[in-house]
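Enquirer: Residue numbers (this note's numbering): -18 to 101. My questions all concern the structure below.
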């Protein structure tokens, strides 16, 4: 924990400092949600097909990024809100100005009680 997944439009590939964002988000998770640094894991999933509103699917005027953060249950709403706001602020700082409008969102969810893991 936390399990972090970042889905993003591949049109922003060159404008998105993914490694820097992940490291900064891990630091925020440690500070805000009392996560252990070695437990922070982020996976990035580029999407080749992003459609925004009624726009032509081939248009390159918009990019979407959605961050999902899975935490063990029990975090206060205030903690979750602070981490969401921090993630959005970090996105602002790790996506360069480019020829697209960025639509960013964050969702923090509780990991299911069935969650298990192992490290090898």
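Every residue, glycine too, gets a C-beta built ideally from N, C-alpha and C.
To the nearest angstrom, how far is the alpha carbon of residue -11 from that of residue 45?
Expert: Their backbone Cα atoms lie some 6 Å apart in a straight line.
Enquirer: Does the beta-carbon of residue 30 have 16 or more other beta-carbons within 10 angstroms, so that it is buried, or is it exposed?
Expert: So residue 30 ends up on the exposed side.
Enquirer: Residues bridged to residue 149 by DSSP?
Expert: Nothing can be reported for residue 149, as the shown portion of the chain is limited to -18 through 101.
Enquirer: Pick out whichever of 33, 66, 78, 67 has its Cα sitting closest to the Cα of residue -6.
Expert: Considering only alpha carbons, the answer is 78.
Enquirer: Specify the secondary structure class of residue 75 as computed by DSSP and reduced to three states.
Expert: Note: residue 75 maps to helix in three-state DSSP.
Enquirer: In three-state DSSP terms, what is residue 7?
Expert: Residue state, collapsed to three classes: helix.
Enquirer: Helix or strand or just coil, what does DSSP make of residue 63?
Expert: Correct three-state label for residue 63: helix.
Enquirer: Within its chain, find whatever has a CB closer than 6 Å to the CB of residue -13; leave out the 5 residues flanking it on each side and keep chain order.
Expert: Excluding residues within five positions, the ones whose Cβ falls inside 6 Å are 25, 48.
Enquirer: Tell me which same chain residues have a C-beta within less than 8 Å of the C-beta of residue 13, skipping the five on either side of it?
Expert: 60, 63, 64, 67.
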